[in-house]
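Below: one structure, written as structure tokens.
In the working numbering, the protein residues as written are 13 to 444.
Structural data, given as structure tokens:
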């Protein structure tokens with residue numbers, strides 16, 4: 013060994029040349045995104061300065077002694093990806109390779125002799141010198157690299173510490189990419205599952221908006237994740253009445269979506285028509301508290317109203333939900349449906365829900381919403397707020413769909429297009 017460099021490195025290279033090659037190698041390795049390309053690049057770069065006649069990589073992962081798997085061999089005409097094509101890799105039983113990899117120790121053998129029936133002979137042939145480099149994982153040499161030379165006494169024990177150091181550092185870098193691949197695969201699988209959860213959740217929302225004689229409707233629904241906890245629904249009631257429900261589960265993502273689905277199921281399991289409003293909220297509150305949210309500390313805000321189409325009268329109850337905003341296009345005033353506020357669903361089993369009533373005039377505009385709208389943040393961490401929501405209701409000439417578009421555009425502009433941190437839901441009703 014000369015100046016700390018293994019003797020197998022091409023002689024005559026000064027430190028500047030070696031440094032330039034090292035920098036080039038490190039840069040190339042930093043660009044690799046898969047363990048296979050990492051190993052290919054490293055092997056190619058080392059082959060430019062390291063002289064060996066054969067390279068063999070071994071593994072005993074998921075095997076029992078004395079079995080050993082050959083994962084790479086410089087004599088193969090076609091390279092195999094050991095992480096994706098393991099079924100194509102040969103498994104040997106016993107012999108030199110098994111003794112080496114289960115021995116857990118690096119070593120140099122400069123007078124190699126193999127029995128004719130040793131499985132390693134197929135890979136080492138008549139090579140007389142080998143250097144054995146275990147790659148440690150959890151303290152065991154689960155992988156190993158064997159470098160071989162045809163001539164005897166080709167390796168120096170003095171170079172062995174550096175070879176072990178270099179090979180294990182590279183092995184850990186490769187293992188990092190292996191874990192990265194596994195993490196990406198697991199994330200992709202999880203994302204597919206969450207997409208399916210989101211599809212199931214959206215299937216619980218009304219397929220189409222109801223045709224109500226004195227009310228034009230439009231809806232907007234956007235989750236902050238693949239699935240979310242916002243919920244809206246309609247119920248056809250006797251005497252040309254319609255139930256309108258908007259709810260928001262605490263939290264985000266899949267847990268909220270589960271409680272949202274449960275709330276949907278409970279609402280549709282209500283015995284008889286879901287009316288009056290306080291009765292439905294009481295029913296939901298008791299069942300959510302006793303069976304679900306009471307055990308996990310969650311809750312659901314909800315606004316439920318029964319709209320009598322002929323008289324344009326809305327009777328409502330609120331479980332801690334954002335009060336809907338009402339724009340009177342007759343006198344220009346904006347008011348809030350906040351006359352019947354009580355605790356959110358699922359907090360206290362004995363909560364009593366109150367009711368209030370309002371009669372609309374033709375032209376009135378009503379927006380039911382969840383707090384993902386008013387609490388949307390701009391880059392300065394300011395909230396969109398109720399005042400900006402009211403401003404979007406100013407134009408009395410817009411349709412319900414037009415009002416939705418106006419609010420959405422306002423929120424998008426305010427947040428600079430930032431993805432929502434909370435689910436956003438709106439129902440807009442124009443009284444006609």
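Built from N, CA and C at the ideal position, the CB exists for glycine as well.
Report task. Please classify residue 289: is it buried, with 16 or more other beta-carbons within 10 angstroms of its beta-carbon, or exposed? Result -> buried
**Report entry** N-terminal and C-terminal residue of the alpha helix (DSSP H) that residue 369 is part of
**Finding:** No alpha helix (DSSP H) holds residue 369; the beta strand (DSSP E) holding it covers 368-371.
Query raised in the report: Which of the three DSSP states, helix, strand or coil, is assigned to residue 155?
Result: strand
Query raised in the report: residue 204 lies in the alpha helix (DSSP H); which residues open and close that run?
Result: 172-215
Query - Simplified DSSP state of residue 85, which is helix, strand or coil - result: Strand at residue 85.
Query raised in the report: In the structure shown, what three-state DSSP assignment does residue 287 receive?
Result: Residue 287 falls in the coil class under three-state DSSP.
Query raised in the report: Is the beta carbon of residue 150 within less than 6 Å of some heavy atom of the ligand NAD?
Result: Ligands displayed in this structure: none; no statement on the ligand NAD is therefore possible.
Query raised in the report: Quick one: Cα of residue 142 to Cα of residue 43, how far?
Result: 31 Å
Query raised in the report: Using 8 Å as the Cβ pair cut-off and three pairs as the minimum, do the stretch 231-247 and the stretch 429-443 touch?
Result: The stretch 429-443 and the stretch 231-247 touch, with three or more beta-carbon pairs separated by less than 8 Å.
Report task. Confirm, please, whether the CB-CB distance from residue 331 to residue 292 is below 7 Å. Result -> no
**Report entry** Residue span of the alpha helix (DSSP H) that contains residue 48, given as start and end
**Finding:** 47-59
Query raised in the report: By a C-beta neighbour count over all protein chains shown, 10 Å radius and 16 as the cutoff for buried, is residue 244 buried or exposed?
Result: buried
Query - Candidates 175, 137, 319, of which the one nearest residue 145 by Cα - result: 175
Query raised in the report: Whose C-alpha, out of 345, 320, 284, 365, is nearest the C-alpha of residue 333?
Result: 365
Query raised in the report: Do you know how far the Cα of residue 379 is from the Cα of residue 345?
Result: 14 Å
Query raised in the report: Should residue 72 go down as buried or exposed, given a rule of 16 or more other Cβ atoms within 10 Å for buried?
Result: buried
Query raised in the report: If you compare alpha carbons, which of 67, 426, 53 is closest to residue 157?
Result: 67
Query raised in the report: Per DSSP, residue 316 is paired with what?
Result: According to DSSP, residue 316 shares a beta bridge with 257, 329.
Requested in this report: Under 8 Å by Cβ, that's how I've got residue 376 and residue 443 pegged, so tell me the actual separation to the nearest angstrom.
Outcome: Taking C-beta atoms under 8 Å as the contact rule, residue 376 and residue 443 qualify, at a distance of about 4 Å.
Requested in this report: Whole angstroms is fine: what's the gap from residue 404's alpha carbon to residue 391's?
Outcome: Near 21 Å, if we compare the C-alpha coordinates of residue 391 and residue 404.
**Report entry** Sufficient close CB pairs (3 or more, under 8 Å) joining the stretch 353-372 to the stretch 304-319
**Finding:** yes
Requested in this report: Please report the Cβ distance between residue 412 and residue 441, rounded to the nearest whole angstrom; I am assuming they are in contact, meaning their Cβ atoms lie under 8 Å.
Outcome: 7 Å
**Report entry** Extent of the continuous alpha helix (DSSP H) run through residue 134
**Finding:** 133-136
Requested in this report: Express the C-alpha separation of residue 420 and residue 268 in angstroms, rounding to a whole number.
Outcome: Residue 268 and residue 420 have their C-alpha atoms some 23 Å from each other.
Query raised in the report: Does DSSP classify residue 298 as helix, strand or coil?
Result: Helix, per DSSP.
Query - Euclidean distance between Cα positions of residue 214 and residue 385 - result: 19 Å
Query raised in the report: Between which two residues does the alpha helix (DSSP H) containing residue 403 stretch?
Result: Start and end: 397-404.
Query raised in the report: Quick one: Cα of residue 30 to Cα of residue 62, how far?
Result: So the alpha carbons of these two residues sit roughly 11 Å apart.
Report task. With DSSP as the reference, label residue 293 as helix, strand or coil. Result -> helix
Report task. Over the uninterrupted alpha helix (DSSP H) stretch that includes residue 36, give me the two end residues. Result -> 27-42
Report task. Starting from the C-beta of residue 57, find all residues in its chain whose C-beta is less than 7 Å away, skip the five residues before and the five after it, and write them out in chain order. Result -> Cβ neighbours of residue 57 beyond the five flanking positions: 37, 40.
Query raised in the report: Is the Cβ of residue 156 closer than 7 Å to any Cβ of chain B?
Result: Absent here is chain B; the protein component of the structure consists of one chain.
Query raised in the report: Does DSSP classify residue 353 as helix, strand or coil?
Result: strand
**Report entry** Assumed close pair residue 354, residue 342 - CB separation to whole angstroms, cut-off 8 Å
**Finding:** Incorrect: roughly 30 Å between the Cβ atoms, too far for contact.
Query raised in the report: Can you tell me whether residue 280 is buried or exposed, with buried defined as 16 or more other CB within 10 angstroms of its CB?
Result: exposed
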